[in-house]
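Under UniProt numbering, the first residue of the sequence shown carries the number 1, and numbering increases by one thereafter.
Quick reminder that beta carbons are idealized off the backbone N, C-alpha and C, glycines included.
The next block holds one structure in the form of structure tokens; read it before the comments.
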Amino acid sequence: MKTCLVVDDSSVIRKVARRILEGLGFTIEEAEDGKKALDICYGAMPEAILLDWNMPVMDGYEFLRELRKLPGGQAPKVVFCTTENDVAHIARAMHAGANEYIMKPFDKEIVEAKFAEVGLI
1 MKTCLVVDDS SVIRKVARRI LEGLGFTIEE AEDGKKALDI CYGAMPEAIL
51 LDWNMPVMDG YEFLRELRKL PGGQAPKVVF CTTENDVAHI ARAMHAGANE
101 YIMKPFDKEI VEAKFAEVGL I
């Protein structure tokens with residue numbers, strides 16, 4: 001079973017994402033900020049990461065830059081999930097190593113489509 005790390009400071013978003021992703025066959029790990037997410041990745045690298053942009057301690061962009069430097073850190077497919085919708089944010093996320101980008105609020109169809117596009121389902 002594939003593992004997806006859901007990184008978001010909102011417990012509601014993590015709960016919704018967990019329900020959707022478990023329905024798609026993923027085992028879920030959760031982190032409420034980038035620092036905790038990075039600690040999880042040091043222990044075991046997930047196949048997928050659903051990543052919020054704006055979080056305390058370490059934001060999604062900084063997390064992604066650090067993740068991609070780790071041994072095996074190029075492997076996870078990273079889908080940014082945020083309210084930031086301007087082209088500059090999207091370009092910055094993709095340049096840092098994101099594989100895809102979705103907007104909040106999201107639903108099962110959007111998550112399923114984006115995860116299929118990057119080859120996770």
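Once the 5 residues before and after Arg68 are set aside, which same chain residues still bring their CB inside 8 Å of it?
Along the sequence shown, one-based indexing puts residue 68 at 68. Cβ neighbours of Arg68 beyond the five flanking positions: Gln74, Ala96, Gly97.
Environment of Arg19 [buried if 16+ CB atoms lie within 10 Å]
Residue 19 sits at position 19 when you count from the first residue of the sequence shown. Label assigned to Arg19: exposed.
When you compare only the Cα positions, how much space is there between Thr27 and Ala116?
Translated into positions along the sequence shown, residue 27 becomes position 27. Translated into positions along the sequence shown, residue 116 becomes position 116. Each residue's Cα considered, the two are about 17 Å apart.
Could you tell me whether the Cβ atoms of Pro46 and Thr82 are closer together than 7 Å?
To locate residue 46, count along the sequence shown from 1; it is residue 46. To locate residue 82, count along the sequence shown from 1; it is residue 82. Result no, Cβ atoms of Pro46 and Thr82 do not sit closer than 7 Å.
So what's Glu66 in DSSP terms, helix, strand or just coil?
Here residue 66 corresponds to residue number 66 of the sequence shown, with the count starting at 1. Here Glu66 sits in helix by DSSP.
Quick check for students: name the residue ranges of the beta strand (DSSP E) that lie wholly in the segment 15-40, counting only runs of 3 or more.
26-31
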